[in-house]
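Novice: Residue numbers are given in UniProt numbering: position 371 of the sequence shown equals residue 371, and the series is strictly consecutive. Beta carbons are placed, not taken as given, at the ideal position from N, Cα and C, and that holds for glycine. Supplied in C-alpha cells, the structure appears directly below.
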Amino acid sequence: MSDRKRKIEDTVPCIPIEEQTIKKLKILDNHNGTTENTIKTQPFKTERCNICRQYLNEVAIYNGHPNYSVEEFISLTDPKLMLFTGEESDINERDVHPVHKITYFSVYDKNGHLCPFDTGLIEANKPLYFSGYIKPIYEDDPTTNNGIPTHDMGPINEWFLSGFDGGEKALVGFSTLFAEYYLMEASPEYEPMMKILRIKIHLAKIVIEFLIEEACQEPTYEDLLQYLLQSNDPDQTEDTLLRHAQFICDQVSSFDEAADSDEQMFITTPCMRTLVEMAGVTFRVRKRMRKIENKTGIKKKPSAWSKATTTKLVQEVFETFFPDQIDRKENDDKGPRRKRCGICEACQRPDCGKCAHCQNMLKFGGTGRSKQACLVRRCPNMAIQAANEDASDGEDDQADSVNVESKASLSKRIIHKVMWIDEATFKHKARSYYQSAQVGDLVIELDDCVVLNSEEPNQPLWIARVGYMWQERDATLFHAHLFCRGSDTVLGETADPRELFVVDVCENCPLGSIVRKANVEKRTVPKNWATNGGLDSLPPRLDDDGRTFFYSKRYDSENSRFVDLQKEEEDESIPYTPCDCCRRRNQKKKHELITYQNGAVHWCGDIYRVGSGVFLEPDAFSFKSNATHDTTNSSNQNENHVNHELYPEYYRKRSDNLKGSNAETPDPFCIALIEDIVEFSNAVKIRVRKFYRPENTHEGSLLSYRKDLNLVYWSTEEKTVNFSLVTGKCYIACSNALEIPVDEWSSRGPYRFYFTQAYDEKKQLFYDVPSEGLNIGLISKGKGKGKGKSKQVDKPSKDLAPEWDVPRKLKCMDVFAGCGGLSEGLHQAKIAETKWAIEKEPAAARAFKLNNPDAIVYTEDCNELLRMIMSEKESKRKGLPRKGEVELLVGGPPCQGFSGMNRFNAGQYSLFKNSLISSYLSFCDYYRPAYFILENVRNFVSFKRSMVLKLTLRCLLAIGYQVTFGVVQAGHYGVPQTRRRLIIMAAAPGMVLPAYPEPQHVFSKKGCQLSVPVDDFKFYTGVKWGASAPYRTITVRDAMSDLPKIRNGSNSQKMPYDSEPISHFQRVIRDHNATDCVIDHICKEMAPIVESRMSHIPIYPGADWRDLPNSVLRLSDGTFTNKLKYPYRFKKQKSSEPCRGVCACAVTGHCDAADRQSNTLIPWCLPHTADRHNNWSGLYGRLGWDGFFSTTVTNPEPMGKQGRVLHPEQHRVVSVRECARSQGFPDKYQFHGNILDKHRQVGNAVPPPLGAAIGKEIAKALTLTLKPVN
C-alpha cells in the first residue's frame, strides 16, 4: 500500500457501503461541531500555477533535463537524423519540415511543473516545453539507445493525433517551430499523465466504433453506457466518459468532418447530444492548434434500412412528407407536379383572405380568374427547403386559425330580393313555411346547398344546407345547417380544399343573404369497401372553385371525433325542424339535464333511485383522517442547519418541486348510498349515507394500502347534498348479501364496492354491520336495499350492477408488437385474440411468443411482409392472413423519432422510423379491419408542426374510417407511473366508434395535462372525469413492497417470494402465477463508484445527487474517491457564502479543461452544468414509497434522462420485475434475452392496464354495433 493511501486510511473514517447513512444527520451540533459522520479533511487551498493551472500542493515537479542534453536547433543538425544526402534533385515541400520521433520525454512549463498537454493549455497559447531523446522517423526502438538527448524543445505549437498504427495504440505528435515529433515512450515521471491520455484516446476510439455500428439505430446515452460496461474494462466507466467528454466529442466531431454531406453526423446522435449536455461540452471556434487525420481505415456504416412499403392510397397521402422513405414502383403513373411541399410553414398557413390574390378567390367572393396563391402562402423553392424548415421550427404562425365553433358569425346583410314561388305548405304560430323561393336569379329549394358571406372579410365563405324556409312578419328566413371546411378542422391544410364536414352548428339567416348555390355531394362507402383494401386511390385533389364540394363524415371538435352520418330520430319537442343538428343538440341537452320523475332521478343515461350507489365530488364529505397521499417533504430539515461543507450541493434543493410525489394528487370520489330524494323548485337534493374508504379512517394510507381498492365501510352518518355533486353511479353491496365470492363479484362489472364492517369516526372504531345494512346489494324479490319507501325499492332488478359486455373476441394482428403489452391488455379485456404478431427484434419477438404460444410471430421487416401480403402467392406460402381475417389491427410504430426522450431526432434513421407510420397505415388500408388502434408518444402530436398527426388522420379518413384521437395518462388506469400516450382509434363504416376510457384512478395533476395542441387550438378526448376518479392512485409501495430484497447486480433469474402479497395491486399482479417464485427480479450491476453514490443517497422521497457528501471514501474495488474542489465563486454569490463553482466558467463564462475533476463522489459534471439544467433534479434520485415512477425507460441509469431509478430503500437501481410492475405486467409475464433486452422490452411496451381499458371501450362499441339500443 502506498504511503498516500495509508495516510488517508489512517486519518479518514470511511463510511461502509452496507451502512445506511441517514442524511438527516447533516444538522450541526452547536457544542461538538459537526456530527460524527462528518469526514475530517484538511482545508482546501486554492493556490494554482498561473501557467498550467494545477494546484500547487498536488503538482508534480520536473526532475531535470537528460544528461548531456542540448537545445533543439542543435540536435536537429545531428547526422543521425539526416534522411537526405544533399544531392537530391527534388525535395517535396512537406519534407522541408523534418519529422522525427521522441522517446523518454517529459512535458513541462516555465515553472518546472509537469503538465498534461491535452487539457487546452496549448490551445490557450500557454508555453509548454518538452525534453527527451530524439530518434529518426524510421526508428522503432523505444529505448534511449542511439537517441539524441535534448531539452527545452518548443514551445509546442500544436499536438495532434494521426490515427492508429493498425492496433490499439494511437499515434500522438508535437509540432514546434523546427520540426514535428511522434511520441514513443514517456519518462517514468511523465507516464501517469500519458496513461490518462491513452485511456481517453482509446475511449474515443471505442465510442467512434460504437457509433459506426449503432448510429443508424439512434442509440441513447444509456445504450452507450451499456456498451462500455460490457467490456469489463475498469477504465471504461461512466465517470471516465464524463471526465473526458470534451475530448471524446471533439474526436467525434473531427471524424464527422470527413463524412459526406449526405451522411448522418455522429455528434447529432442522441447518446452524443446527451453527453454534450451533461458534461457541458462546448464547440467553440478554435485556433488551428490541432490536426486530426482519419487514418483508421474505418468508414461509416451505410444505411441498411428498408424503405416503407405502402398501398397506393397511403403513398399518395404521405409521399410529400417522406419522399425518400416511400418505396415507389418504377412504373407508377406520375401525377401532376405538386406546387406545394405541403409541410413548410407557408404551406401550413391558411389563406389570409386579405391580400389581392385572396380577394380574387371564389371562396372569398372574387371572380377566381387570377388563380394565384395567397401571398403569405407562396411555397419556397425546393433548393432552400432546409432553410425554411429551420425557420418554421423557430417562428410562430401568426395566421388567425380558428375553430369552426368560434368563427365569426354569418353575415346577415341582404344582397338579393326574395319572392316565394309556391303557396305556404305549413303554418305554425306566426310562421308560414315554404318549399321554394326566388332569391335574385336563383331558385332555392329545401335541401339545397348555398354559399354565405362571413361577417369578417378575411374569412372564407360559408357553405350551408337549407333546412326549411319561412315567412315571419316581413322577414323571409331560412334555417342554415352549416358545413365545416376541412381546413378548419384538425386536418388543417392537409385536407382536400373541397372536402366539407357536417358539424352541429346551425343558424337562422335571411334568404336574401345567399350569395350563390353550391353543389355538395354526399359520398358514401361502396358495398365492396372491406374487400377493396389496397386497391383504392386518393380522389384527385382539385383546386377550390367555390362551388363544388363533397362530404362524408360528421366532425365533433369537442370530442375530437370524425364519425359516420346518421339520421336523427324525430323529436316532437321541436316542431317542424328537419335539422339533425338541432335534434342532436336537444338530445344532448336532455341527456345532461337532471330530471326527477316517478321517484327517481334521470341524468346522463342513468336512473338514480333510493338505494342507488353514487360517486360524489371529493369535497362533498370531510374526513378527519384523510392521509391519502405522500406529503413528505424532500428533506424535513432547515437548510440553515445543514453542514454545507460536507453537503455542498444541498443548497440547490431550496425551491425544488418533488418529482414523483403524490402530494398534489386529488382525492378520489366520495362514495355514498341514496337514502331519500327530494325535488325542490330549483334543484333536486338527495339524502345520502356516507361510506368510508380505508384511507379515510384513522389507519391512514400506510396501513390502508393493504386493503382492497373497492373495500368501503358502512356508517351511520347521513348528509343531504345537491344532486349536482353527483359525478356518476356505483354499486355497493354487503359481502354477506352476495351469493358469490367478493373477488368474483367485483371482477364482473365496473364500479363495484363492497363492505364487511362499519366504521365510527368519532370513536375511531370498526364494528359489525347493523341489520339495516346487511341487505344492501341483496338480489331477491320484494326486499329493499337500505332505507326509503318500499314502493321505490321493491324492484331491485332495475338497479342491478351491470356486467362487462363481451360480445365476442376479435381476431387481432399486432404490428410492432414488442413483447406484447398492448395485446396482453386486450386479452385481459377479453375482446381480442391475437392471431398474428410482427416484431423485428428477435428477443422481443421471442418474449411475445413465450406469452402467446398460439400466435404466429413474424420477425421479418414489416415492409417486406407487407410486400408479401400484397402478393397473394407469397402471402399464402408464408401463412399470412388474408383480407377479411383481421378484425382488429393494433400497433405502436417505433417512436424514437417522435419521443421527447430523444430530443435530437434529425437523423435519417428517425425519418425512416417515422415513415413506418405510413407502413402501418398501409396494413390498415389493405386489411380494412373493423377496429384500428395506433399508440405513440405524446410528442407525436407536435412532430413537424403536427403534420404527421394530420396526415395520419387524413389517411384514415380517406380510406373510409371513422377516427378519434387523444392523449391518455396510463396512471389513470392503475399503474404507478406517469406515461402520457397518444391513442388514435378508428372504426370501419357502420361500426360504432369507441370512446376514450374514463379515468379509473386519480393521478398527479402535473401528469394530467392531456390536451392535444394543434395550430393554436387544444383538442380533448371528451372524458367527463378530469379532476377526480373512482379509485385512489397506485403507488410504488402498492407495486413492489412485497418483492424480495436483492443487491446491486443481482442476476438470479428465479427466486421464491419471501412474503404474501400485501396490496390489492400485488394480489391482482400475482394472481394466476403457477409457481411461488418471481422471475426476472434482476438488476444491473453498477460500477464501484456508482454503487458508492447510490449507497450514500439518503432514504427519503426526493433524495438525489444533491444529498451526496463531499468526502473521501474507500470503494468496493479498494480504490479511493477524491474530494470535489470548489475553487470559484459565482458572480451572484454573497461574500459570506462558500465557493460553489467547480469550473472557470462560473466566473469567466468559458470552461477551463484543467478544472475537470474525476473519481469524486459528487460527479463533477453535475455542479458544472446544474444551473443550465434545472439543477439536474432527479439524477441519482430515489423513488418514494408513496409516490410514482417516472416514465419507465428502456435502460435505467442514475444519470440517464430518467435518473430517478433508485430503489426506495435498497442501494441499487430498480429491477426488471419492478419496472414490469410499474407498467402493470402480471408476474407470470416472461421477458427474453439479456438484462438490457428485458429492460428494453418493458420500457417500450404499452402498459397492459391501459390496453385493457381501451379494450373494454372497444367491447362497448362492438356491443352497440351488434345490438343497437334506442
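If distances are taken between C-alpha atoms only, which option among 968, 642, 940, 1048 comes closest to residue 1014?
Specialist: When only C-alpha atoms are compared, the closest one is 940.
Novice: Go through the UniProt domain "BAH" (650-770) residue by residue and report every complete run of the alpha helix (DSSP H) that reaches 4 residues or more, in order.
Specialist: Counting only runs of 4+ residues, the alpha helix (DSSP H) found wholly inside the UniProt domain "BAH" (650-770) occupies 700-704, 742-747, in chain order.
Novice: In whole angstroms, give me the CA-to-CA distance for residue 1320 and residue 494.
Specialist: Not covered by the structure: residue 1320. The range shown for the chain is 1 to 1270.
Novice: Using the Cβ count rule (16 or more neighbours within 10 Å means buried), how would you classify residue 293?
Specialist: Low confidence applies to residue 293: its pLDDT is 41, below 50, so where it sits in the model is not reliable, and the reading given next is rough at best. It is exposed - the Cβ of residue 293 has fewer than 16 other Cβ atoms within 10 Å.
Novice: Which of the three DSSP states, helix, strand or coil, is assigned to residue 18?
Specialist: Residue confidence for residue 18 is low, a pLDDT of 37 falling below 50, so the modelled location carries little weight; the figure read from the coordinates is stated next. If DSSP states are grouped into helix, strand and coil, residue 18 belongs with coil.
Novice: Taking residue 982 and residue 938 to be in contact with their CB atoms under 8 Å, please state how far apart those CB atoms are, rounded to whole angstroms.
Specialist: About 6 Å separates the CB atoms of residue 982 and residue 938; that is less than 8 Å, so the two are in contact.
Novice: Quick one: what does DSSP say residue 232 is sitting in, helix, strand or coil?
Specialist: coil
Novice: Just reading off the beta strand (DSSP E) that residue 891 is part of, what are its end residues?
Specialist: 888-891
Novice: Ends of the beta strand (DSSP E) at residue 553?
Specialist: 548-556
Novice: From 366, 419, 531, pick the residue whose C-alpha is nearest to that of residue 457; which is it?
Specialist: 366
Novice: On the criterion of 16 or more Cβ atoms from any shown chain inside 10 Å, does residue 1149 qualify as buried, or is it exposed?
Specialist: exposed
Novice: Just tell me which of 103, 62, 66, 102 has its CA closest to the CA of residue 112.
Specialist: 62
Novice: May I ask you to report which of helix, strand or coil DSSP gives residue 621?
Specialist: coil
Novice: Under the three-state reduction of DSSP, which class applies to residue 827: helix, strand or coil?
Specialist: helix
Novice: Which residues in the same chain have their Cβ closer than 7 Å to the Cβ of residue 525, if we skip the five residues on either side of it in sequence?
Specialist: 960, 989
Novice: So the candidates are 541, 555, 839; which of them puts its Cα closest to the Cα of residue 549?
Specialist: It is 541.
Novice: Which same chain residues, not among the five before or five after residue 1055, have their C-beta less than 7 Å away from its C-beta?
Specialist: 1044, 1077, 1078, 1081
Novice: For the 8 Å Cβ check, are there 3 or more pairs between the segment 1111-1123 and the segment 265-276?
Specialist: Touching, no.
Novice: Helix, strand or coil, according to DSSP, for residue 1031 in the structure here?
Specialist: strand
Novice: With residue 136 as the anchor, note down where its beta strand (DSSP E) starts and where it stops.
Specialist: 129-136
Novice: Helix or strand or just coil, what does DSSP make of residue 969?
Specialist: strand
Novice: The beta strand (DSSP E) that contains residue 100, what's its start and end?
Specialist: Residues 99-108.
Novice: Measuring alpha carbon to alpha carbon, tell me which residue in 509, 1239, 64, 1046 is nearest residue 1207.
Specialist: If we check each option's Cα against that of residue 1207, 1046 comes out closest.
Novice: With a threshold of 8 Å, are at least 3 pairs of Cβ atoms found where one atom belongs to the segment 1137-1144 and the other to the segment 241-255?
Specialist: no
Novice: Using 10 angstroms around the beta-carbon of residue 764, count the other beta-carbons present and answer buried if the total reaches 16, otherwise exposed.
Specialist: exposed
Novice: Where in the segment 1162-1212 do unbroken runs of the beta strand (DSSP E), each at least 3 residues long, occur, reported from the N-terminal end onward?
Specialist: none
Novice: In whole angstroms, what is the alpha-carbon distance linking residue 381 and residue 1245?
Specialist: Because residue 381 carries a pLDDT of 38, less than 50, the predicted location of this residue cannot be relied on, and no value is offered for it.
Novice: Assuming residue 1236 is part of the alpha helix (DSSP H), what are its boundary residues?
Specialist: 1235-1244
Novice: Just to confirm my understanding: we take residue 605, look at its own chain, exclude 5 residues before and 5 after, and list those with CB closer than 8 Å. What are they?
Specialist: 591
Novice: Taking the beta carbon of residue 1126 as the centre, do at least 16 other beta carbons fall within 10 Å, making it buried, or is it exposed?
Specialist: buried
Novice: Is residue 1173 buried or exposed, if buried means 16 or more other CB atoms sit within 10 Å of its CB?
Specialist: Looking at its Cβ environment, which holds fewer than 16 other Cβ atoms inside 10 Å, residue 1173 is exposed.
Novice: Between the beta-carbon of residue 1224 and the beta-carbon of residue 1036, is there less than 8 Å?
Specialist: no
Novice: Grouping DSSP H, G and I as helix and E and B as strand, with all else coil, what is residue 781?
Specialist: Since pLDDT at residue 781 reaches only 44, below the 50 mark, its modelled position is unreliable, and the value read off the structure follows with that caveat. Three-state result, residue 781: coil.
Novice: Assign residue 641 to one of three DSSP states: helix, strand, or coil.
Specialist: helix
Novice: Mind checking residue 668: buried by the 16 CB within 10 Å criterion, or exposed?
Specialist: buried
Novice: Classify residue 1263 as helix, strand or coil using the three-state DSSP reduction.
Specialist: helix
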